[in-house]
Amino acid sequence: MKTEMIQTHLREAISEVMETMFFLPVQFLDGRRSIQEWFSGEDKVMEAFIDFEGPRSGRVFLLVPDPTVNEMAANFLGLDEDEVSEEHAQDTLKETINMMTGRMLSIADRKARCALRIPRFAGEWNSADPEKGKSSGVLLLFETGKHHLAAGVVEPGI
Amino acid sequence: MAFNVLIVDDSSAMRAVVKKAIKLSGFDVGEYWEAADGKEALDKLRIHWVDVVLTDINMPQLNGMELVAKMKEDGLLRSVPVIMVSTEGSESKVAESIRLGASGYIKKPFHPEDIKVTLGRVMGVKDENRDDSNTLEGSDF
Chain A
287 MKTEMIQTHL REAISEVMET MFFLPVQFLD GRRSIQEWFS GEDKVMEAFI DFEGPRSGRV
347 FLLVPDPTVN EMAANFLGLD EDEVSEEHAQ DTLKETINMM TGRMLSIADR KARCALRIPR
407 FAGEWNSADP EKGKSSGVLL LFETGKHHLA AGVVEPGI
Chain B
56 MAFNVLIVDD SSAMRAVVKK AIKLSGFDVG EYWEAADGKE ALDKLRIHWV DVVLTDINMP
116 QLNGMELVAK MKEDGLLRSV PVIMVSTEGS ESKVAESIRL GASGYIKKPF HPEDIKVTLG
176 RVMGVKDENR DDSNTLEGSD F
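Sequence order for the protein chains is A and B. Residue numbers for the first sequence follow the numbering used here, beginning at 287 and rising by one. Residue numbers for the second sequence follow the numbering used here, beginning at 56 and rising by one.
Structural data, given as structure tokens:
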């Protein structure tokens, strides 16, 4: 599958998950911008990732500013934002990347036999991470209106 | 008549969301039990009366597929209906779940209505305004 196809499927999965589960429509950035530049206005960005294996293997990551994680968790769980615990927030972020990746793989190939691994919360994103700085594979930058987010796929061979 | 539900997911957030969706559906639920993986679910099933299980697939220790298989091997548990609630919505996963004995399949992301429709069907509660677009059952294969 070509990089453009993966990008299209991930984009569709992100929109569906963000709107259906979190009531947060997103807008994607057209054109190139570095991930560091995209997050330059955000204080604290959290990261979650999930690995998938099978005919295709790789890792999908999601970067979300702390206030947006709180907003997502509150919408997801039907809580006020000040009721959201750290566990709620981390769980929400892990479930989000799980749903996005599962949906992306389902769209990519209805007969896919790729297996998802357990999603992981990676803590605060390190903006100096050379892996994502190079935007290897697929990188999507998007926003909720208030904050900037990013997701990408790091896959050997793309 | 009230029924008891076991929700199995390694994400406490997702367990809460599924529980909320069931509550919003208006079903008469007696007890809600929760488990973080298939192994804990089997432990709960052996000490509590459970009428229906909603389980994720991708979990540590014992995953959702393995849970269904174990339940179907157990004379006391094989008749308890299981609904898969999973991101893994490929045809092969759905077909495998149904082959193992799952009674329904809900793909994440889902609308609360998907839970209502599938749970209602599995528990024999009719809903005249059903929309099955995100839910699958054995007869679909």
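Just so you know, even glycine gets a beta-carbon here, dropped at the ideal spot from N, CA and C.
Residue i at chain A interface by Cβ criterion, 7 Å
| i | result |
| --- | --- |
| B:E89 | no |
| B:S67 | yes |
| B:A71 | yes |
Three-state secondary structure (DSSP) of residue i
| i | result |
| --- | --- |
| B:V84 | strand |
| A:V439 | strand |
| A:F325 | coil |
| A:L349 | strand |
| A:M445 | Limits of chain A in this structure are 287 at one end and 444 at the other, which puts residue 445 of chain A out of reach. |
| B:F196 | Note that B:F196 has pLDDT 32, beneath the 50 cutoff, so the model's placement of it is unreliable and no number is given. |
| B:E89 | strand |
| B:I62 | strand |
| A:M304 | helix |
| A:H434 | strand |
| A:G423 | coil |
| B:G175 | helix |
Nearest-angstrom Cα separation, counted from residue j out to residue i
| i | j | result |
| --- | --- | --- |
| A:I321 | A:L435 | 9 Å |
| B:L109 | B:M69 | 11 Å |
| A:P341 | B:M56 | 47 Å |
| B:V123 | B:T173 | 17 Å |
| A:E357 | A:L349 | 14 Å |
| A:E290 | B:I102 | 51 Å |
| A:F308 | B:S134 | 35 Å |
| A:V440 | B:F58 | 45 Å |
| B:K171 | B:Q116 | 29 Å |
Beta carbon proximity, residue i to chain B, threshold 7 Å
| i | result |
| --- | --- |
| A:T378 | yes |
| A:I404 | yes |
| A:E381 | yes |
| A:G388 | yes |
| A:N384 | yes |
| A:M307 | yes |
| A:E372 | no |
By the 8 Å beta-carbon criterion, what residues does the stretch 75 to 100 of chain B contribute toward chain A? Of all residues in the stretch 75 to 100 of chain B, only K75 come within less than 8 Å of chain A when Cβ atoms are compared, listed by chain position.
Would the stretch 135 to 145 of chain B and the stretch 381 to 388 of chain A be scored as touching if the rule is three or more Cβ pairs under 8 Å? Verdict: yes, contact present.
On the three-pair Cβ rule with 8 Å, is the stretch 165 to 179 of chain B touching the stretch 75 to 93 of chain B? At 8 Å Cβ cutoff, the stretches touch.
Under 8 Å (Cβ pairs) to chain A, residues found in the stretch 140 to 164 of chain B: Going along the stretch 140 to 164 of chain B in chain order, one finds S141, T142, E143, G144, S145, E146, S147, K162, K163, P164 with a Cβ nearer than 8 Å to chain A.
Give me the subset of the stretch 112 to 127 of chain B whose CB atoms are less than 7 Å from a CB atom of chain A, sorted by chain position. Near chain A, meaning a CB-to-CB distance below 7 Å, the residues of the stretch 112 to 127 of chain B are N113, P115.
Residues of the stretch 354 to 367 of chain A whose Cβ lies closer than 8 Å to any Cβ of chain B, in chain order: So the close ones are A359, F362, L363, G364.
Check distances from the C-beta atoms of the stretch 314 to 332 of chain A to those of chain B and list, in chain order, the residues that come in under 9 Å. Within the stretch 314 to 332 of chain A, no residue has a Cβ that lies closer than 9 Å to any Cβ of chain B.
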